[in-house]
Amino acid sequence: MLAGDRLHWSVTVAGSRSILKFDLDTQSLDLSLLPGDYYTPLSPVAFTIVRAEGGRMGFLFLYRFTAELWSTKRNRNGVVLWVRGRSIELDRLLGLNSEKEPPQMIGYAEENNAVFFRTADADYMVHLESLQFNKLPKTAVGSYYHPFETVHTRGQRHEAWSVLL
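Going by the working numbering, the first residue of the sequence shown is number 95, and it counts up by one from there.
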């Protein structure tokens, strides 16, 4: 994901979930650990880099039916800290039965700031800013998805579409 002048990737290094950043100006790499240790490497969580408010880099943790949005903030001493933002109860938002298996995160579309989730019954695209969602047609088991976005300008209007391939 591109935020400012940096490219960001979610990676796991020696069992720790981290964010790899490449600064386009200085041509340098930086590795940042994710906050807290209550999401231990053994926890069944998924995470992905997402766009936070103001176009900054953030990430989304998914644990069972709860998705948490995190971003960074500078304190008054200039130190960058991780702060938890909104929590999304996917079972409530999508009308899922919490007795069933929780959803899996299967992709992220950067231009539209939308996360794709797979459940036993359907796939969903959830827009992180508005929390509006689309139920997508179910595909065959074992399918792999890759978000594909295309952007074009029609007159003065900029439009972007996200689909799963």
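From the three backbone atoms N, C-alpha and C, an ideal C-beta is built for every residue, glycine too. All values reported here derive from a predicted model rather than from experimental measurement.
| query | result |
| --- | --- |
| Within 10 angstroms of the Cβ of alanine 108, are there 16 or more other Cβ atoms? Answer buried if so, exposed if not. | exposed |
| Can you tell me which of Phe116, Ser112 and Ser110 puts its alpha carbon nearest to the alpha carbon of aspartate 99? | Phe116 |
| Run through the stretch 107-191 for me and flag every whole beta strand (DSSP E) of 3 or more residues, listed as ranges in chain order. | 110-117, 122-127, 139-145, 151-157, 160-168 and 174-183 |
| Would leucine 148 be called buried (16 or more neighbouring beta carbons within 10 Å of its own) or exposed? | Note on identity: in this sequence residue 148 is glycine, with leucine being the wrong assignment. Looking at its Cβ environment, which holds fewer than 16 other Cβ atoms inside 10 Å, glycine 148 is exposed. |
| Run through DSSP, which three-state label would leucine 92 get? | No answer is possible for residue 92: the residues shown for the chain start at 95 and end at 259. |
| Looking at serine 104: is its Cβ nearer than 7 Å to the Cβ of leucine 127? | no |
| Judging by CA-CA distance, which residue of Arg170, Ile182 and Leu125 is the nearest neighbour of leucine 114? | Leu125 |
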